[in-house]
Amino acid sequence: MAFLEGSPPRVIAHRGLAQGHAENTLGAFRAAISAGADILETDVHLSKDGQVIIAHDPDLERVAARSGLVSDFTAAQLRAMDLGHGEGFSTLGEALHSFPGHRFNIDVKTPAAITALVRAIDDAEAHDRVLVTSFDENTRSRALALLPGVASSATSRHVIEGRLRSWVGLPVQRWKLPQEVVALQIPPTYSGLPLVTPSMISACHRRGLELHVWTINDPHDMTRLFDMGVDGIVTDRADLAVEIRAMRLGKKA
């Protein structure tokens, strides 16, 4: 799919680059792009007036230091809130239109946002530069059913099957995945079980998938994972990851 054009490894900016900016804001996305990030990772909820809002948490306490839910306020009210550094919430549509040449990895946090999400992607004609996913398979599959041709990543049940197949050596071509899935996006471990292993990377590649690892902020971990051959690192420090990638690729050359 067009979303994964270009060669890995990729630097995926987790909620943008919140160095001097509030997370998940246009400023954080702009900073990530300036640092050299390939993909902007973000999250969406639904506002009171039916707009798809860029926000990770359902509530406002952590990012806006106030009570209430994102869904309790209109997009205009959320835009006027100070998240720090003079920045407020933005809509997905604003982000897609503000950065028309850049790719977004979108985590749908609530099924209530699906209709507005589809409308925003359609309006921006951004189908080839978004990856839409969710931790909830029902939410993910419902959204993708309305977005034919849009890329997605695997949810937990698909990851578990892939890990088991890589572990015991079962044929990866029988690994059942939705057609739109182009990547696994996973943490290094889950409940003490290593997920990112040479056999798992190999299984993904043999299945035609990329493997992206989250959320990696330590430079030593970045170096180790790049050297293992992962296809992408999801990080809060896109600036560091871009530098380390350049050094590792330079050594291989």
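The sequence shown lines up with residues -2 to 250 when you count with the numbering used here. Glycine included, each C-beta is placed from N, C-alpha and C at the ideal position.
Can you tell which of the options has its C-alpha closest to the C-alpha of residue i?
i      : options                        : result
Val227 : Glu58, Thr107 and Trp211       : Trp211
Thr152 : Leu23, Leu174, Phe0 and His202 : Leu174
Gly3   : Arg100, Gln74 and His11        : Arg100
In this structure, what does DSSP give as the bridge partners for residue i?
i      : result
Ser163 : According to DSSP, Ser163 bridges with nothing at all.
Gln290 : The structure shown does not extend to residue 290, since the chain is modelled only from -2 to 250, so the question has no answer here.
Val127 : Phe101
Glu38  : His11 and Asn102
Val231 : Ile9
Ala148 : Leu128
Pro191 : Thr186
Ile157 : Paired residues: none, contrary to the question.
Does the distance from the CB of residue i to the CB of residue j come in under 8 Å?
i      : j      : result
Gly65  : Asp56  : yes
Ala140 : Ser131 : yes
Leu208 : Met197 : yes
Leu14  : Asp215 : no
Ser95  : Leu37  : no
Gly45  : Asp69  : Note that residue 45 is Lys in the sequence shown, not Gly. Yes, they are a contact pair.
Asp224 : Arg245 : yes
If residue i sits next to residue j, beta carbons under 8 Å apart, how far is it from one beta carbon to the other, in whole angstroms?
i      : j      : result
Phe0   : Asp120 : Rounded, the Cβ-Cβ distance is 18 Å, inconsistent with contact.
Leu43  : Ala142 : Leu43 to Ala142, Cβ: 18 Å. No contact.
Leu144 : Ile103 : That pair is no contact at about 10 Å.
Val239 : Gly33  : 4 Å
Glu134 : Arg162 : With 8 Å as the limit, Glu134 and Arg162 do not qualify as a contact, their Cβ atoms being about 18 Å apart.
Arg241 : Ile213 : Checking the sequence shown, residue 241 turns out to be Ile, not Arg. The Cβ separation is near 10 Å, so there is no contact.
Ala200 : Val169 : 5 Å
Arg76  : Thr39  : With 8 Å as the limit, Arg76 and Thr39 do not qualify as a contact, their Cβ atoms being about 16 Å apart.
Thr232 : Val60  : Contact flag wrong, Cβ pair sits at about 19 Å.
Measuring from the CB of residue i, is there a heavy atom of the ligand ADP at a distance below 7 Å?
i     : result
Asp69 : The model on display carries no ligand, and the ligand ADP is accordingly not part of it.
### Task
Please determine if the segment 44 to 60 and the segment 72 to 92 are in contact, where contact requires at least 3 C-beta pairs separated by less than 8 Å.
yes
### Message
Could you check whether the segment 16 to 31 touches the segment 178 to 188, counting it as contact only if at least three pairs of C-beta atoms, one from each stretch, sit closer than 8 Å?
### Response
No: fewer than three Cβ pairs fall under 8 Å.
### Query
Is there contact here, the segment 72 to 87 with the segment 3 to 22, by at least three beta-carbon pairs under 8 Å?
yes
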